[in-house]
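Numbering (the numbering used here), first residue to last: 2 to 140. Where a beta carbon is used, it is the ideal one built from N, C-alpha and C, also for glycine. Okay, so here's the structure we're looking at.
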Amino acid sequence: MRRVTNLPREWYEDLSPGVRRLHPPGIDFKWIDIVLAEAPAKETRSLLAGMHFNSEMVTAALDLDGESMRYRHLGSSLLRLELPAGVLVDSGDDYLLSILQNKEQLVTIRKRPMGIVEDACAGIGDQDAESTSMLAVTV
Numbered sequence: 002m003r004r005v006t007n008l009p010r011e012w013y014e015d016l017s018p019g020v021r022r023l024h025p026p027g028i029d030f031k032w033i034d035i036v037l038a039e040a041p042a043k044e045t046r047s048l049l050a051g052m053h054f055n056s057e058m059v060t061a062a063l064d065l066d067g068e069s070m071r072y073r074h075l076g077s078s079l080l081r082l083e084l085p086a087g088v089l090v091d092s093g094d095d096y097l098l099s100i101l102q103n104k105e106q107l108v109t110i111r112k113r114p115m116g117i118v119e120d121a122c123a124g125i126g127d128q129d130a131e132s133t134s135m136l137a138v139t140v
């Protein structure tokens, strides 16, 4: 696994504390990345509601005590992965990643800044593809 810690500045835009829009080369959809440890909860909920995710899906995506799950509702989907620290070989912290998706939007939500999203962006940039779909990012 690669270890990308910093993305090139032209690949992202800081929207608010803990929230950024990602646009590595080849991305043709809106990609928002949220780090819950840094993002204000009220603003995060408001942002996701403005992106037309229903409240139940948003609540499940943001729940720090939830479990791994997959959920679909009216054209939107949520994939939530929670791994306890005991099963991770490279971290002493629990890992949480939620991925919300609808139409032309993707949101990655992490409990704390861990490099999986940065690794995905760097991998997309390395491909030098003209257009990368949301499916390619989430697979």
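Across which residues does DSSP place residue i in a beta bridge pair?
i, result
"V36", "R111"
"E83", "L97"
"R71", "L80"
"V20", "S17, I35"
Using the three-state DSSP reduction, which class does residue i fall into: helix, strand or coil?
i, result
"M58", "helix"
"K31", "strand"
"L49", "helix"
"D15", "strand"
"L8", "coil"
"M2", "Confidence at M2 is low in this model, with a pLDDT of 48, below 50, so its placement is unreliable and the value that follows should be read with caution. Three-state result, M2: coil."
"G124", "helix"
Less than 8 Å between the CB atoms is what I'm expecting for residue i and residue j, so what's the real figure, rounded?
i, j, result
"E119", "L97", "So it is not a contact: roughly 16 Å between Cβ atoms."
"C122", "L48", "That belief does not hold up - the Cβ atoms of C122 and L48 are roughly 20 Å apart, past 8 Å."
Checklist entry - Would you call the region 100 to 107 and the region 19 to 33 touching, i.e. three or more CB-CB distances under 8 Å? => result yes
Checklist entry - Does the pairing of the region 44 to 53 with the region 14 to 22 give three or more beta-carbon distances under 8 Å? => result yes
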